[in-house]
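The opening position of the sequence shown corresponds to residue 1 in the UniProt record's numbering, with each subsequent residue numbered one higher. We put the beta carbon where it would ideally sit given N, CA and C, even for glycine. Quick caveat, the model's predicted, so the values are computed rather than measured. Report on the following structure.
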Amino acid sequence: MVRFECEVSDPQTLGGSSTSYLFTIHTDCPAYAELGVSTGAGDLRRIDVRRRYSEFEKVFKKLLEIEGAPALPTLPPKRLFGSNSASVVEERRAFFETAMGVIGTCDALRQSQYLTNLLNDVPPPDYPKLKESLHEKCKEVFSVPEDEWKLKSEKKTAKVWFRKLAGSAEGSDLWMVRSEIVVPVPSDDFAEVYYDLAQWEKWTKDITFRPLEDVADGSQCMHVTYKCPVIDDRDSVYYSVQFNGMPLHEGAEHCQYTVAQSVQHSLAPKVKGVVRANVFLSVTTVEPAGPDGKSTRFRTYTHADPKGSVPTAVVNQMAGQGISELIAMGDYMCKTLARK
């Protein structure tokens, strides 16, 4: 007898009005033999995907058209208001679980292309290969001659540069942006605070993080949402890996750097009302600075495409806007670490 069991859990509301639910399926159905991961118990596989109510609703209506299938539960009523209330979210979660229970009893339903497409998880990235690639890209960025960077803005100890990539090996009309600030606190203390993502809200309210997967080597996949005041909010799913030392000096003491880029992940479907941005490369470095080495030089390198309808020229002209946030982060570091 074919096994098909589904648990629906962990509802998460993102982007203001979009709630996604985690579908965890255990099945040995041949139609899902290439999806998910093996459980080690014969042909039994585990599939984890996040899906929105609207995505499931479209598939559910198609399943209702399959002849000879058992009766399916009635869709919950549409809500003009309060669609993200705790009671409605639970009502929909329970509906999903009940519907999937019925679907699992019928070959025609569970093997339907509509359902297999819905549950088709994104293949996980090749993490070792990606880590090696990011490491090489990072070294290339740090090998760029200084005269290729053009200073765009400067305030206090913070600076922002840009580098045009059109005609270069990277071949992009979008500029790469580099920023730097020197903060009078030790680099080890700075890194401890900076890499604690729970503290980011102390200097910026516009970025939220959701961990997706911790990889065995200490790297991780994250879903990041950026609030934008005028245009649609942006989000991205990225893989990041942290190294000790510096890109061109791996043995440098009291130094750390992180490299990241966008990936696809089954636990981060696109969110309604939010534009999925593409981060080609993001590098942050933390290193000692100053005559006595008791200050910190913090640097970022970013090459990204915010997507949507924002013209490239506007994106490039906004390259220096992050300097205020950089200064706010430095001020927070000084206030927090002065108490130590």
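The three-state reading of DSSP puts H223 in strand, counting E and B together. Counting only residues of its own chain and dropping the five nearest sequence neighbours on each side, S219 has a CB closer than 8 angstroms to the CB of Y127, K131, Y239, S240, V241 and Q242. Going by C-alpha positions, S282 is about 36 angstroms away from E7. The DSSP-derived three-state label of A268 is coil. With a minimum length of 3 residues, the unbroken runs of beta strand (DSSP E) contained wholly in the stretch 141-208 fall at 150-155, 158-163 and 176-183. In this structure, T19 and N84 form a Cβ contact; the two beta carbons are roughly 6 angstroms apart against a cut-off of 8 angstroms. Assignment of beta-bridge partners to H303 by DSSP yields L281. In the DSSP assignment, Y53 falls within the unbroken alpha helix (DSSP H) covering Y53 to L63. Counting along the chain, the unbroken beta strand (DSSP E) around L22 starts and ends at S18 to T27.
Between H265 and V122, the C-beta spacing is below 8 angstroms.
Between Y194 and V286, the gap from beta carbon to beta carbon is short of 8 angstroms.
Residue state for C255 is assigned as coil, using DSSP reduced to three classes. The closest CA to that of T296, considering only S153, P184, A86 and F96, is found on P184. When the five nearest sequence neighbours on each side are left out, the beta carbons in the same chain lying within less than 7 angstroms of the beta carbon of Y53 are those of T19 and R92, in order along the chain. M1 carries a coil assignment under DSSP once its states are collapsed to helix, strand and coil. The DSSP-derived three-state label of S87 is helix. Under the DSSP definition of a beta bridge, C6 partners with I25. Per DSSP, Y32 lies in no beta strand (DSSP E) segment and is marked neither H nor E.
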